[in-house]
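As structure tokens, the structure follows; a few thoughts come after it.
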Amino acid sequence: MASKKSEEATGVTVVAKASTIKNLSAKSIEKQIPVEPVIVPAEQLNVKPKTKIVRDFSIPQVEYRQIAVIKELCLKSGVHAKRSVILRAGLKVLSEMNADQIVREIAGLAKKNESLLS
């Protein structure tokens, strides 16, 4: 039988008698056998990877207040809407527009921002 120091260094327990193995439970045998972890790609587990959240923009105070008004309107209708949900809804509405409508809306906002900064 090996000394305790060599057992600790290798991480393996040495069993002296074959009859002792019969008396060991499955859990204790699992503890004695070193097992390498198996790495399974997320595609095989049908697990969607987490979407990274990006926070890198700012909006004028006036438009921030408009979000608060929309939140109140939603609450009165019985729907709890966070600021991010409202912005995502606006993005959805924009994505349903054609290119000319989107350019017109963006140009209108750009002019409005210039007048606020002047």
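Start counting the sequence shown at 1217; every next residue gets the next number (our numbering).
Heads up, the beta-carbon is just placed ideally off N, CA and C, and yes, glycines get one too.
*Determine the direct distance from the alpha carbon of S1300 to that of R1271, and round the result to whole angstroms.*
10 Å
*Report the residue from T1267, I1255, Y1280 whose alpha carbon sits nearest the alpha carbon of K1298.*
Y1280
_Pick from V1309, P1276, I1302, K1268 that is closest to E1288, judged by C-alpha positions_ = I1302
*According to DSSP, is P1265 helix, strand or coil?*
coil
*asked:* Assuming contact is defined by CB atoms lying nearer than 7 Å, are I1318 and L1307 in contact in what I supplied?
replied: For I1318 and L1307, no; Cβs fall outside 7 Å.
_S1275 versus L1261 - alpha carbon distance_ = A small fix is needed here, since residue 1275 is Ile in this sequence, not Ser. Each residue's alpha carbon lies about 40 Å from the other.
*Note down the Cα distance separating N1314 from E1252, rounded to an integer number of angstroms.*
55 Å
_Cβ neighbours of C1290 in the same chain (closer than 6 Å, five flanking residues each side left out)_ = Excluding five sequence positions before and after C1290, the CB atoms of its chain that fall closer than 6 Å to its own CB belong to A1297, given in chain order.
*Report the three-state DSSP secondary structure of L1300 (helix, strand or coil).*
Inspection of the sequence shows that residue 1300 is occupied by Ser rather than by Leu. Reduced to three states, the DSSP call for S1300 is helix.
*Quick one: is Q1277 near chain B, going by C-beta distance under 7 Å?*
No chain B is part of this structure, which consists of one protein chain only.
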